[in-house]
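Here is the structure we will look at, set down as structure tokens.
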Amino acid sequence: MDETFFSGVRTEEVELSTGVRIGLPVRYYEWSTIMAHFPAPDAAVRKLLPTARLKPAHLVPGTAIISMVAMEY
Numbered sequence: 002m003d004e005t006f007f008s009g010v011r012t013e014e015v016e017l018s019t020g021v022r023i024g025l026p027v028r029y030y031e032w033s034t035i036m037a038h039f040p041a042p043d044a045a046v047r048k049l050l051p052t053a054r055l056k057p058a059h060l061v062p063g064t065a066i067i068s069m070v071a072m073e074y
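For what it's worth, my numbering labels the leading residue of the sequence shown as 2, then goes sequentially.
Here it is as structure tokens:
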């Protein structure tokens, strides 16, 4: 990828809870990804969510979408 793609994007250095300092936003110059989306019953997905404040995304009423993503960078 052309290094000038990010030339106008400013970064800000932040400290993570681990003490590691990184620049945000993170810039990925070369990466690959694969993703898949699956329909799932809304009620089953709601049971898996860690809090009631999170809501499943719906494909159609009663059917949620579960997405899986793998990235190599």
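Backbone N, C-alpha and C fix where the C-beta goes; we use that ideal spot for every residue, glycine too. All values reported here derive from a predicted model rather than from experimental measurement.
If you draw a 10 Å sphere on the C-beta of Ala65, you find 16 or more other C-beta atoms in it, and that means buried. Annotation for Val70: the continuous beta strand (DSSP E) segment containing it runs 64-73. The Cβ-Cβ distance between Pro57 and Asp43 falls below 7 Å. Secondary structure of Arg22 (DSSP, three-state): strand. In this structure, Ile23 is the residue among Leu60, Ile23, Thr19, His38 with its C-alpha nearest to the C-alpha of Glu13.
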